[in-house]
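Residue numbers (the UniProt record's numbering): 1 to 310.
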């Protein structure tokens, strides 16, 4: 396909940039794999909320893995090149997982709305079958969007210079180096953003308006604090993700360097923060983690004791 410009930093800062990417990616791997293991191994976390959270960790893990390893390789590489097939694959998988994440966050907001505003009907309205349908629907819309945008992008003609001014293959940097008329691709992109971003934002906003109004009616100060603590962490993640996506895909493309910073927010920062926020602010997850670590420690001590006896 061509070369990727990546971040314009001095050569002496390459090692610092590499270590930063490595640290963040290691935290993403540890946090999201850890979250999935905890949810799958503790029966108490067999609820709709943790089912969605487990899928969110899976999506975070994979779409950051589509970007981070290749970006780290290119920091050290002189050519910083990517093949045509590699570029197509990267764009396809990234769009698939980032769109799926948007729908999952909307589903999680709806789940919290039902749990807080209609607790007596929660087990009926959020059945296991419906939860599976919600997750399958999120992946379905992610796949449809990914197929359409990837086909639309790679049917364009590209100019002689194929230097992609970004640290991964994304739609906007690819459109910048195209020689084709971009009216139809821009319209299709805008339409997809409208039917993807707008409905999920509406669901999240309406859900939290109802949640806040219900929480304010709770007489117990401790009860209000607990619900607000959980919801504020979710809203924080949503704000970072959607703020960066809107800057990247909705606002006119005039600041390539700022676009790279915005991209970092949803490719690396959000996947790193999600498991931290949802685990550190969650009593059930912390108890499940203590239980797992306690078993590991007990097993380790047992092995040490057996070795001493021998």
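All residues carry an ideal CB built from backbone N, CA and C; glycine is no exception.
Residue environment, residue i, which counts as buried when at least 16 other CB atoms sit within 10 Å
i: residue 133; result: exposed
i: residue 190; result: exposed
i: residue 84; result: exposed
i: residue 231; result: buried
i: residue 43; result: exposed
i: residue 129; result: exposed
i: residue 206; result: exposed
i: residue 40; result: exposed
i: residue 225; result: exposed
i: residue 140; result: exposed
i: residue 127; result: exposed
i: residue 101; result: buried
i: residue 326; result: With the chain covering only 1 through 310, there is no way to say anything about residue 326.
i: residue 267; result: buried
i: residue 285; result: buried
i: residue 239; result: exposed
i: residue 116; result: buried
Whole-number beta carbon distance between residue j and residue i, since they are thought to touch under 8 angstroms
i: residue 157; j: residue 138; result: Residue 157 to residue 138, Cβ: 34 angstroms. No contact.
i: residue 241; j: residue 31; result: Contact doesn't hold; Cβ gap of about 16 angstroms is too wide.
i: residue 28; j: residue 187; result: Not quite, the Cβ-Cβ distance comes to about 35 angstroms (not below 8 angstroms), so this is no contact.
i: residue 142; j: residue 103; result: 7 angstroms
i: residue 87; j: residue 169; result: 4 angstroms
i: residue 135; j: residue 196; result: Wrong, their Cβ atoms sit about 16 angstroms apart, outside the cutoff.
For residue i, the first and last residue of its enclosing alpha helix (DSSP H)
i: residue 96; result: 84-117
i: residue 14; result: 14-41
i: residue 196; result: 183-215
i: residue 220; result: Per DSSP, residue 220 belongs to no alpha helix (DSSP H) and is neither H nor E.
i: residue 127; result: Neither: residue 127 is in no alpha helix (DSSP H) and is coded neither H nor E.
i: residue 45; result: Looking at the DSSP string, residue 45 is not in any alpha helix (DSSP H), and its letter there is neither H nor E.
In DSSP terms, what residue i is bridged to
i: residue 154; result: According to DSSP, residue 154 bridges with nothing at all.
i: residue 178; result: 158
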